[in-house]
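Q: Okay, here's the structure, questions in a sec.
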Amino acid sequence: MLKIGLTGGIGSGKSTVARLFEQRRIDVIDTDRIARELVAPGQPALAAIVQAFGPKILQDDGRLNRTELRRRVFRDPEAKKNLEAILHPRVFTEMNRQADLCRSPYCILAVPLLVETDALHRVDRVLVVDCPEQIQIERVQHRDGLSDNMIRRILASQATRRERLQAADDVIVNDGDLGQLERQVDELHRFYLQLSHDPETG
Ligand code: ADP
């Protein structure tokens, strides 16, 4: 199974690109979703997080308090490492399990932090969605209503455009309209189909 790792900074358009591949009947594995499911009440990863961060990391209803967790890992690199040690191996195990079940000619693994984590070797090709920072900021403001300042902090915590592009095998430039985006997805889709039939051409 040809595995394409899809990544990009916040607001670059990863989720939109993932949807376009799905519309072309390609299986997409969403690691954000896996991570959310792994910390649902009753899951071992949630118990491990409570062990590491204390019971105050839970809301009154027993669910993970994401805002508090984000606050803790933002200001404390050690806490961030602890959280990653709990989550990343579990996310990647589940990601591989789902990839093994894929039935499309190739699959897309959507991994927002592909470049920041040790996930690069887990995919056959890296597809980066790229656009200027200013556009990322405008999109996220529009989508999430976050402040300019908060978005800049998130951007600073992620890999730089340059780091991401250096890891890329393929790049989608998402600085125009949706038509421009679709055309690039179509072109890559044809290329990946060809690769999945004849791996030597890659
Ligand atoms: P990411 O998953 O990388 O954070 P999204 O795919 O959610 O980014 O895109 C961020 C926001 O920008 C979404 O609201 C999306 O609909 C919008 N968007 C993305 N690409 C385009 C585009 N080419 N034209 C217009 N809006 C876009």
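According to our numbering, the sequence shown is numbered sequentially starting from 3.
Beta carbons: idealized from backbone N, C-alpha and C, even for Gly.
#1: Could you please give me the residues that DSSP links to Ala112 through a beta bridge?
#2: On the CB-based measure, 16 or more other CB atoms within 10 Å of its CB, does His191 come out buried or exposed?
#3: Kindly provide the ranges of any beta strand (DSSP E) runs that are 3 or more residues long and lie completely inside the segment 27-78, ordered along the chain.
#4: Is Asp179 near the ligand ADP, judged by its Cβ being under 7 Å from some heavy atom?
#5: Could you tell me if the beta carbon of Thr18 falls within a distance shorter than 7 Å of some heavy atom in the ligand ADP?
#6: The alpha helix (DSSP H) that contains Leu183, what's its start and end?
#7: Hey, could you find the ends of the beta strand (DSSP E) Asp132 is sitting in?
#8: Quick one: is the Cβ of Gly10 within less than 7 Å of any heavy atom of the ligand ADP?
A: Taking the definition as stated:
#1: Ala112 pairs with Leu8, Asp32.
#2: So His191 ends up on the buried side.
#3: The DSSP assignment places 29-32 as complete runs of the beta strand (DSSP E) inside the segment 27-78, in order along the chain (cut-off: 3 residues).
#4: Correct: Asp179 has its Cβ closer than 7 Å to the ligand ADP.
#5: Under cutoff, so the answer is yes.
#6: That run of the alpha helix (DSSP H) goes 180-199.
#7: Element bounds for Asp132: 127-132.
#8: The answer is yes for Gly10.
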